[in-house]
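Student: Once you've had a glance at the structure underneath, I'll fire off some questions.
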Amino acid sequence: MPATLASGLTMHGFIEYENKEATGNKGTRRDMASEHQRAFYVLTCETRSKLSDGYIDSRTRDRDDPCSAPPCYTPSVEAPCYSLEPGPTEQRLALAAFRHGRRSTPTGVFTRKNSAISLALRDQEEGIPYPTYGRGALVCGDIALKNPQNVLSVTVKLEGRLSITLTEGITNVRVFLSTTSTVWKADEGSSSPCPSMFPFEVMLPVGCQDVDRVRPLPPTFNSAYPSVPDIFINCNYTLTVRVVKARNLKLWKPQKTLHVQILYRPRTRPHQPILGSPFPFYSSIKSLPEEWHQVVSAMPARPESGIAPLECHLFIPAVQIYALTDTIPFYLQLHAPPPSLQAFLYTAPPPSPKLSRSKSRTEPPAQATVRVYISRQITAFVNGQRVTRSCPIGEGTLRSLPPDAATSSSVLRAPEGGCGSLEWEGEVKCRADVNVGSFNVGKLVVRDFIALQLIPPLPASSPLLEHKHQHCIRLVTDSFLDNPEPTQEEPLFL
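For the sequence shown, UniProt numbering begins at 1 and goes up steadily by one.
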């Protein structure tokens with residue numbers, strides 16, 4: 001039977017069907033197709049021919065001829081030239097500036113030398129005690145030898161070392177970075193002398209291997225905090241220049257070394273700024289509620305006291321990533337029934353008037369403590385032992401909002417809903433000597449918190465218990481400037 005191209009249409013242009021009514025049995029009758037059926041046949045054959053030639057469906061072509069050449073492509077348009085300044089039809093979408101004016105590449109030179117080697121490091125600030133580098137920086141400079149005779153090789157080694165020591169005598173030292181670059185090496189059989197001066201370049205890597213993952217390089221860090229006397233942490237970087245000479249009978253030490261400590265200060269900034277005008281708080285939270293983050297905790301009461309706990313509501317900027325130099329605004333509200341607020345503000349009455357008169361002559365009335373500060377938590381892992389210590393690195397200032405709860409009796413009366421509130425606003429900032437933000441290098445984790453501490457007067461006899469709550473934040477090196485000066489530029493995120 002001929003192959004069918006369309007419904008009822010064969011290659012020979014005939015219609016094929018069963019004629020049961022005329023013959024009474026299964027049979028085939030062939031009639032000549034009409035003119036329009038013949039035209040349809042021709043069109044169908046042409047379409048099939050084009051399909052087989054690959055003009056319509058490339059997949060059919062690839063299946064029939066897998067070795068066929070790919071289609072031609074037009075040449076790509078060349079990329080436009082890059083410019084620091086926007087063109088006539090361009091505009092800046094985001095721009096951040098440096099806080100302390102222009103931050104161009106330094107042009108100073110840091111020098112260090114001993115009896116045999118002199119080292120000069122370029123691109124440094126004038127008068128600094130140690131050369132300083134940022135994330136992915138290029139350590140470059142020049143090496144000068146006093147006596148280049150018999151020198152076999154000159155190498156530069158960059159090493160990062162983390163040392164953790166406990167007062168119990170437990171010490172853990174880990175080398176997390178070790179990069180060696182050969183600056184000059186004598187060829188075998190060559191008599192060419194070693195030059196007395198040559199440049200070098202060593203690239204600081206961005207990360208280091210920690211067991212099964214790569215972590216960012218930690219900054220130079222030294223945990224010299226008076227409140228953490230039982231743990232000593234030192235994370236430092238050293239650049240070593242080593243000169244190896246041929247051994248002879250007079251020279252028992254065939255190599256000379258020069259060690260230079262460098263500071264690694266990777267820069268980071270938050271992704272959004274702190275609200276410029278945070279106060280008055282009620283106005284800003286109504287107009288921009290997304291700019292605040294609420295931290296909720298509770299000051300507990302003794303079970304037998306019969307009073308309710310104090311609800312603590314601390315509001316901080318929503319970004320929760322702050323620069324070491326940022327002034328962080330906050331708002332604090334204590335919400336509770338009047339008996340709980342009274343127990344927090346005032347001491348319990350003495351059991352007898354005689355005792356009251358005797359104490360009033362010798363001691364002033366005890367005051368409640370309300371404290372908001374920045375706390376740094378240092379966690380170190382030494383020989384399978386986890387050691388955690390905390391210390392304050394910034395104290396906040398608080399201003400009581402009217403009505404003043406300490407002098408007004410309105411908070412002691414039953415307000416609407418049976419609860420009253422005490423409110424403060426203030427700011428908190430890191431100390432000036434804190435120059436390293438939060439980081440995690442596996443064996444050493446440095447985290448920062450905004451902490452709230454409430455201590456009732458006479459805690460031993462108060463129906464309220466002391467309360468401390470910490471909320472984790474991140475401290476970074478640079479702040480986000482929402483309205484930079486147009487002449488001071490740098491990338492938005494580092």
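The C-beta atom is built at its ideal place from N, Cα and C for all residues, glycine as well.
Since we're looking at a predicted model, the values are computed, not measured.
(1) Let me know the secondary structure DSSP gives Gly418 once reduced to three states.
(2) When the Cα atoms are used, what is the spatial distance from Gly136 to Pro129?
(3) CA-CA distance, Gln272 and Pro402?
(4) Drop a sphere of 10 angstroms on the beta-carbon of Tyr55, count the other beta-carbons inside from all chains shown, and report buried for 16 or more, exposed for fewer.
(5) For Phe198, which three-state DSSP category applies?
(6) From which residue to which residue does the beta strand (DSSP E) around Gln320 run?
(7) Helix or strand or just coil, what does DSSP make of Glu290?
(8) Among all the DSSP beta bridges, which residues are the ones paired with Tyr264?
(9) By Cβ distance below 6 Å, which residues in the same chain neighbour Ser297 in space, the five residues on each side in sequence not counted?
(10) For Gly207, list the residues DSSP reports as bridge partners.
(11) By the three-class DSSP mapping on this structure, what secondary structure does Gly24 have?
(12) Can you check which of these residues, Tyr331, Tyr322, Gln261, is closest to Pro280 by C-alpha distance?
(13) Are there 16 or more other CB atoms within 10 angstroms of the CB of Asp187, so buried, or fewer, so exposed?
(14) Out of curiosity, what's the CA-to-CA distance linking Leu422 and Glu466?
(15) Give the DSSP-derived three-state secondary structure of Phe281 in the structure shown.
(16) Can you say whether Leu145 is buried or exposed, counting buried as having 16 or more other CB atoms within 10 angstroms of its CB?
(17) So who's on the other strand from residue 526, going by DSSP bridges?
(18) Phe439 and Pro254 - do their beta-carbons sit closer together than 7 Å?
(19) Can you grab the Cα-Cα spacing for the pair Gly160 / Arg215, in whole Å?
Tutor: Quick answer:
(1) helix
(2) Their Cα atoms are separated by approximately 21 Å.
(3) 32 Å
(4) A caution first: Tyr55 carries a pLDDT of 45, below 50, which makes its placement in the model unreliable, though a value can still be read off. Result: exposed.
(5) strand
(6) Taken as a continuous stretch (DSSP letters only), Gln320 belongs to no beta strand (DSSP E), as it is neither H nor E.
(7) helix
(8) Within the DSSP bridge table, the entry for Tyr264 names Tyr133 as partners.
(9) Cys312, His469
(10) Pro216
(11) Residue placement at Gly24 cannot be trusted, given a pLDDT of 45 that sits under 50; the coordinates are not used to answer.
(12) Tyr331
(13) By the 10 Å Cβ count, Asp187 comes out exposed.
(14) 17 Å
(15) helix
(16) Counting every other CB atom within 10 Å of its CB across the protein chains shown gives Leu145 a total of 16 or more, marking it as buried.
(17) Only positions 1 to 494 of the chain appear in the structure, and residue 526 is not among them; the question remains open.
(18) no
(19) If I take the Cα positions, the gap works out to 13 Å.
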